[in-house]
Amino acid sequence: MGNNGEVTRPASTRAARLDQVCAAAVEVARAGITEVDADDVGDHLQVVAEGDRLVTHYFECLLAGYRGWRWAVTVTRVPRSRTVTICETVLLPGSDALLAPGWLPWQERLKPGDLGPGDLLPTPPDDERLVPGYLLSDDPAVEETAWELGLGRARVLSREGRTDAAQRWYDGEHGPTAAISTAAPAAARCGTCGFYLPLAGALRQAFGACGNFYAPDDGRVVSADHGCGAHSETLIEAAETAVDELPTVYDDSAVEAMSVSRAPGSVEAAEPGEPYGHP
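Mapped onto the working numbering, the consecutive letters of the sequence shown carry residue numbers -17 to 261.
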(Lines of atoms letter the chains of each structure in order from A and count residues from 1; the text may use other names and numbers.)
(Lines give C-alpha, C1' and ligand atoms only; values in the text may rest on other atoms or scores of the structure.)
Protein backbone atom coordinates (compact mmCIF):
# COMPACT_ATOMS: atom_id res chain seq x y z
CA MET A 1 0.00 0.00 0.00
CA GLY A 2 1.20 3.50 -0.70
CA ASN A 3 1.90 6.18 1.80
CA ASN A 4 -1.41 7.62 2.96
CA GLY A 5 -0.02 10.85 4.37
CA GLU A 6 -1.92 14.04 4.95
CA VAL A 7 -4.45 14.50 2.19
CA THR A 8 -5.72 17.88 3.37
CA ARG A 9 -3.89 21.15 3.53
CA PRO A 10 -3.79 23.12 6.75
CA ALA A 11 -6.03 26.13 6.68
CA SER A 12 -4.01 29.26 6.05
CA THR A 13 -4.90 32.47 7.84
CA ARG A 14 -4.74 35.52 5.67
CA ALA A 15 -3.52 38.72 7.30
CA ALA A 16 -6.15 41.43 7.42
CA ARG A 17 -5.67 44.10 4.77
CA LEU A 18 -5.56 47.67 6.01
CA ASP A 19 -8.58 49.56 4.72
CA GLN A 20 -7.33 52.91 3.49
CA VAL A 21 -10.62 54.74 4.05
CA CYS A 22 -10.78 53.66 7.69
CA ALA A 23 -7.06 54.27 8.16
CA ALA A 24 -7.44 57.85 6.96
CA ALA A 25 -10.25 58.59 9.43
CA VAL A 26 -7.88 59.73 12.19
CA GLU A 27 -9.91 62.76 13.20
CA VAL A 28 -13.13 60.76 13.17
CA ALA A 29 -11.54 58.32 15.61
CA ARG A 30 -10.19 61.16 17.78
CA ALA A 31 -13.63 62.73 17.97
CA GLY A 32 -14.99 59.43 19.26
CA ILE A 33 -13.08 59.81 22.55
CA THR A 34 -15.72 61.61 24.56
CA GLU A 35 -14.94 60.27 28.04
CA VAL A 36 -12.31 62.96 28.69
CA ASP A 37 -11.41 66.45 27.51
CA ALA A 38 -9.68 66.87 24.18
CA ASP A 39 -6.52 68.00 25.99
CA ASP A 40 -6.18 64.52 27.53
CA VAL A 41 -5.84 62.89 24.09
CA GLY A 42 -2.34 63.08 22.65
CA ASP A 43 -0.73 62.29 19.34
CA HIS A 44 -1.88 59.58 16.97
CA LEU A 45 0.45 56.61 17.56
CA GLN A 46 -0.58 53.71 15.36
CA VAL A 47 -3.24 52.20 13.14
CA VAL A 48 -3.83 48.43 13.05
CA ALA A 49 -6.02 46.38 10.71
CA GLU A 50 -8.31 44.13 12.72
CA GLY A 51 -10.27 42.67 9.79
CA ASP A 52 -11.91 43.59 6.52
CA ARG A 53 -12.86 47.27 6.75
CA LEU A 54 -12.14 47.14 10.50
CA VAL A 55 -9.32 49.34 11.84
CA THR A 56 -8.15 50.43 15.32
CA HIS A 57 -6.51 53.80 15.87
CA TYR A 58 -4.25 54.33 18.91
CA PHE A 59 -3.76 57.73 20.57
CA GLU A 60 -1.48 58.80 23.39
CA CYS A 61 -3.20 59.22 26.78
CA LEU A 62 -2.27 62.39 28.69
CA LEU A 63 -4.32 61.71 31.81
CA ALA A 64 -2.41 62.11 35.07
CA GLY A 65 -1.51 58.72 36.53
CA TYR A 66 -1.90 56.86 33.22
CA ARG A 67 1.66 56.95 31.92
CA GLY A 68 2.10 54.50 29.05
CA TRP A 69 -1.64 54.02 28.44
CA ARG A 70 -3.26 54.47 25.02
CA TRP A 71 -6.71 55.32 23.72
CA ALA A 72 -7.90 52.67 21.26
CA VAL A 73 -10.70 53.60 18.86
CA THR A 74 -12.02 50.94 16.46
CA VAL A 75 -13.77 52.15 13.31
CA THR A 76 -15.41 50.43 10.35
CA ARG A 77 -17.50 51.06 7.24
CA VAL A 78 -19.99 49.11 5.19
CA PRO A 79 -18.97 47.85 1.72
CA ARG A 80 -18.94 50.50 -1.04
CA SER A 81 -19.47 53.27 1.51
CA ARG A 82 -17.08 56.09 2.31
CA THR A 83 -18.71 56.84 5.65
CA VAL A 84 -16.67 55.64 8.66
CA THR A 85 -18.43 54.83 11.93
CA ILE A 86 -17.06 54.16 15.38
CA CYS A 87 -17.43 50.69 16.90
CA GLU A 88 -15.90 51.17 20.35
CA THR A 89 -13.52 53.31 22.38
CA VAL A 90 -11.38 51.95 25.19
CA LEU A 91 -8.33 52.89 27.26
CA LEU A 92 -5.65 50.18 27.10
CA PRO A 93 -2.24 49.81 28.80
CA GLY A 94 0.87 49.88 26.66
CA SER A 95 4.02 47.85 27.07
CA ASP A 96 5.50 50.35 29.55
CA ALA A 97 2.24 51.29 31.27
CA LEU A 98 2.02 51.77 35.00
CA LEU A 99 -0.32 49.00 36.19
CA ALA A 100 -1.85 48.20 39.54
CA PRO A 101 -0.96 44.84 41.11
CA GLY A 102 -3.13 41.92 40.07
CA TRP A 103 -6.19 41.38 42.21
CA LEU A 104 -6.00 38.60 44.78
CA PRO A 105 -8.68 37.30 47.18
CA TRP A 106 -8.18 38.51 50.73
CA GLN A 107 -7.24 35.01 51.87
CA GLU A 108 -4.26 35.07 49.50
CA ARG A 109 -3.24 38.63 50.38
CA LEU A 110 -2.80 37.86 54.07
CA LYS A 111 0.76 37.46 55.31
CA PRO A 112 2.10 36.10 58.61
CA GLY A 113 1.81 38.80 61.24
CA ASP A 114 -1.04 40.71 59.56
CA LEU A 115 -3.52 39.69 62.26
CA GLY A 116 -3.54 42.30 65.00
CA PRO A 117 -5.31 42.76 68.34
CA GLY A 118 -9.07 42.74 67.88
CA ASP A 119 -8.94 41.39 64.30
CA LEU A 120 -11.08 38.40 63.33
CA LEU A 121 -9.93 35.91 60.71
CA PRO A 122 -12.77 33.52 59.80
CA THR A 123 -11.80 30.06 58.56
CA PRO A 124 -13.77 28.81 55.53
CA PRO A 125 -15.80 25.64 56.09
CA ASP A 126 -14.00 23.84 53.25
CA ASP A 127 -10.46 24.70 54.39
CA GLU A 128 -8.31 21.77 53.22
CA ARG A 129 -5.98 22.24 56.20
CA LEU A 130 -8.70 21.08 58.59
CA VAL A 131 -10.80 17.95 58.92
CA PRO A 132 -13.68 17.15 61.30
CA GLY A 133 -12.46 16.00 64.70
CA TYR A 134 -14.44 12.76 64.56
CA LEU A 135 -12.54 11.46 61.53
CA LEU A 136 -9.72 9.00 61.98
CA SER A 137 -6.31 10.56 61.65
CA ASP A 138 -2.79 9.24 61.23
CA ASP A 139 -1.49 11.52 63.98
CA PRO A 140 -1.41 9.87 67.44
CA ALA A 141 -1.68 13.21 69.22
CA VAL A 142 -4.89 13.99 67.32
CA GLU A 143 -6.37 10.60 68.17
CA GLU A 144 -5.80 11.13 71.89
CA THR A 145 -7.79 14.36 71.97
CA ALA A 146 -10.21 14.19 69.07
CA TRP A 147 -11.42 10.62 68.58
CA GLU A 148 -13.64 10.30 71.66
CA LEU A 149 -17.05 11.47 70.51
CA GLY A 150 -18.13 14.69 72.17
CA LEU A 151 -14.84 15.30 73.94
CA GLY A 152 -12.57 16.39 71.08
CA ARG A 153 -12.24 19.52 69.03
CA ALA A 154 -14.65 20.27 66.20
CA ARG A 155 -11.86 20.30 63.61
CA VAL A 156 -8.20 19.26 63.66
CA LEU A 157 -5.27 19.61 61.29
CA SER A 158 -5.41 17.42 58.22
CA ARG A 159 -2.39 15.80 56.61
CA GLU A 160 -2.19 18.74 54.18
CA GLY A 161 -2.36 21.21 57.06
CA ARG A 162 0.46 19.54 58.97
CA THR A 163 2.60 19.27 55.85
CA ASP A 164 2.12 22.95 54.99
CA ALA A 165 2.94 24.05 58.53
CA ALA A 166 6.02 21.83 58.74
CA GLN A 167 7.39 23.07 55.42
CA ARG A 168 6.74 26.70 56.34
CA TRP A 169 8.50 26.35 59.70
CA TYR A 170 11.41 24.45 58.20
CA ASP A 171 12.00 27.03 55.47
CA GLY A 172 11.55 30.02 57.78
CA GLU A 173 13.69 31.85 60.32
CA HIS A 174 13.62 28.95 62.77
CA GLY A 175 14.85 26.23 60.43
CA PRO A 176 18.34 24.98 59.62
CA THR A 177 19.02 27.60 56.93
CA ALA A 178 18.43 30.62 59.19
CA ALA A 179 21.41 32.96 59.58
CA ILE A 180 21.75 32.29 63.31
CA SER A 181 21.67 28.54 62.68
CA THR A 182 24.35 28.52 60.00
CA ALA A 183 26.61 30.69 62.18
CA ALA A 184 26.28 28.37 65.20
CA PRO A 185 28.71 25.47 65.80
CA ALA A 186 27.88 22.35 63.81
CA ALA A 187 27.17 20.34 66.97
CA ALA A 188 24.93 23.01 68.54
CA ARG A 189 21.64 21.65 67.19
CA CYS A 190 18.30 22.07 68.96
CA GLY A 191 17.57 18.34 68.96
CA THR A 192 20.42 17.75 71.41
CA CYS A 193 19.79 20.84 73.55
CA GLY A 194 18.43 20.53 77.08
CA PHE A 195 16.14 23.50 76.51
CA TYR A 196 14.43 21.79 73.54
CA LEU A 197 10.79 20.83 74.17
CA PRO A 198 9.59 18.36 71.48
CA LEU A 199 6.12 18.79 70.04
CA ALA A 200 3.48 16.10 70.32
CA GLY A 201 2.22 13.86 67.56
CA ALA A 202 3.70 13.39 64.10
CA LEU A 203 5.56 16.72 64.25
CA ARG A 204 7.52 15.53 67.28
CA GLN A 205 10.18 13.95 65.08
CA ALA A 206 11.23 17.23 63.52
CA PHE A 207 10.03 20.15 65.66
CA GLY A 208 9.94 21.43 69.20
CA ALA A 209 9.73 24.64 71.20
CA CYS A 210 12.71 26.53 72.57
CA GLY A 211 12.65 27.05 76.34
CA ASN A 212 15.89 28.98 76.79
CA PHE A 213 15.25 32.44 78.22
CA TYR A 214 18.44 33.80 76.69
CA ALA A 215 17.98 32.30 73.21
CA PRO A 216 16.46 34.44 70.42
CA ASP A 217 14.01 31.59 69.64
CA ASP A 218 12.62 31.36 73.18
CA GLY A 219 8.95 30.36 73.04
CA ARG A 220 9.05 29.63 69.32
CA VAL A 221 8.80 26.42 67.30
CA VAL A 222 12.21 25.39 65.94
CA SER A 223 13.35 22.47 63.84
CA ALA A 224 15.46 19.78 65.45
CA ASP A 225 18.40 20.69 63.20
CA HIS A 226 18.12 24.41 63.97
CA GLY A 227 20.82 25.82 66.20
CA CYS A 228 22.22 28.82 68.00
CA GLY A 229 25.01 29.76 70.35
CA ALA A 230 22.85 29.28 73.46
CA HIS A 231 22.97 25.45 73.29
CA SER A 232 22.82 23.85 76.73
CA GLU A 233 26.12 22.03 76.18
CA THR A 234 28.03 25.13 75.14
CA LEU A 235 30.43 25.23 78.08
CA ILE A 236 33.34 27.62 78.51
CA GLU A 237 36.03 26.47 80.93
CA ALA A 238 37.49 29.20 83.09
CA ALA A 239 41.20 29.63 82.47
CA GLU A 240 43.31 28.87 85.54
CA THR A 241 45.81 31.68 86.12
CA ALA A 242 48.62 31.04 88.61
CA VAL A 243 49.22 33.98 90.94
CA ASP A 244 52.55 34.10 92.73
CA GLU A 245 52.23 35.04 96.40
CA LEU A 246 54.65 37.83 97.15
CA PRO A 247 56.24 38.26 100.63
CA THR A 248 55.12 41.13 102.82
CA VAL A 249 57.43 44.05 102.44
CA TYR A 250 57.73 46.88 104.94
CA ASP A 251 59.26 50.15 103.96
CA ASP A 252 61.30 51.28 106.93
CA SER A 253 61.84 54.66 105.39
CA ALA A 254 58.12 55.41 105.78
CA VAL A 255 58.10 54.64 109.53
CA GLU A 256 58.81 57.55 111.83
CA ALA A 257 60.15 56.71 115.33
CA MET A 258 58.42 58.65 118.10
CA SER A 259 59.17 58.83 121.83
CA VAL A 260 56.37 58.33 124.35
CA SER A 261 56.43 60.36 127.58
CA ARG A 262 54.46 59.90 130.77
CA ALA A 263 51.97 62.48 131.75
CA PRO A 264 52.45 63.91 135.25
CA GLY A 265 50.55 61.88 137.89
CA SER A 266 49.61 59.06 135.57
CA VAL A 267 51.63 56.51 137.59
CA GLU A 268 53.49 56.50 140.77
CA ALA A 269 57.03 57.64 140.45
CA ALA A 270 58.29 54.43 142.01
CA GLU A 271 56.29 52.19 139.64
CA PRO A 272 57.60 51.27 136.26
CA GLY A 273 55.66 52.83 133.35
CA GLU A 274 53.47 50.74 131.00
CA PRO A 275 53.90 50.85 127.30
CA TYR A 276 52.27 53.77 125.45
CA GLY A 277 51.73 55.61 128.80
CA HIS A 278 48.63 53.65 129.95
CA PRO A 279 48.26 53.20 133.73
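Every residue gets a Cβ at the ideal spot worked out from N, C-alpha and C, and that includes glycine. All figures in this text were calculated on a predicted structure; none of them were measured in a lab.
Take the alpha-carbon of V72 and the one of W51: they are about 10 Å apart.
Under the DSSP definition of a beta bridge, C192 partners with Y178 and D200.
As the crow flies, the alpha-carbon of T105 is around 28 Å from that of C192. About 16 Å separates the Cβ atoms of R12 and V30, ruling out a contact at the 8 Å cut-off.
Setting aside the 5 residues that flank it on each side, I68 is surrounded in the same chain by V10, A11, G14, V55, T56 and V57, each with a C-beta closer than 8 Å to its C-beta; the list follows chain order.
Secondary structure note for G33: its beta strand (DSSP E) is the uninterrupted segment V23 to G33. Secondary structure at S140: coil, using DSSP grouped into helix, strand and coil. Rounded to the nearest whole angstrom, the CA to CA distance from T38 to E90 is 38 Å. Note that the C-beta distance between L112 and R150 is not below 9 Å. Look at E17 here: in three-state DSSP terms it is coil, with no helix or strand label. Taking one beta carbon from each stretch, the stretch 153 to 171 and the stretch 196 to 206 have 3 or more pairs nearer than 8 Å; the two touch.
Under the 10 Å beta carbon count, A182 is surrounded by fewer than 16 other beta carbons and is classified as exposed. Counting only residues of its own chain and dropping the five nearest sequence neighbours on each side, A197 has a CB closer than 6 Å to the CB of C210 and A212.
Around the beta carbon of W85, fewer than 16 other beta carbons lie within 10 angstroms, which makes this residue exposed.
Excluding the 5 residues flanking it on each side, V60 has same chain C-beta neighbours closer than 8 Å at R35, in chain order. Between the C-alpha atoms of I162 and P94 there is a straight-line separation of about 21 Å.
Residue environment: A206 is assigned as buried (16 or more neighbouring CB atoms within 10 Å of its CB, all protein chains considered). For E42, the CB contacts under 7 Å within the same chain, skipping 5 residues up- and downstream, are G24, D25, L27 and R52 in chain order.
Just measuring C-alpha positions, the residue of L102, L139 and P83 sitting nearest D108 is L139. Within the same chain, and ignoring the five residues on either side of S214 in sequence, the residues whose Cβ sits closer than 6 Å to its Cβ are C175, G176 and F177. For E42, the enclosing beta strand (DSSP E) begins and ends at L36 to C43.
In this structure, the CA atom of P114 is about 27 Å from the CA atom of G100.
Annotation for L97: L103 place their beta carbon closer than 6 Å to its own, counting only its chain and skipping 5 residues before and after.
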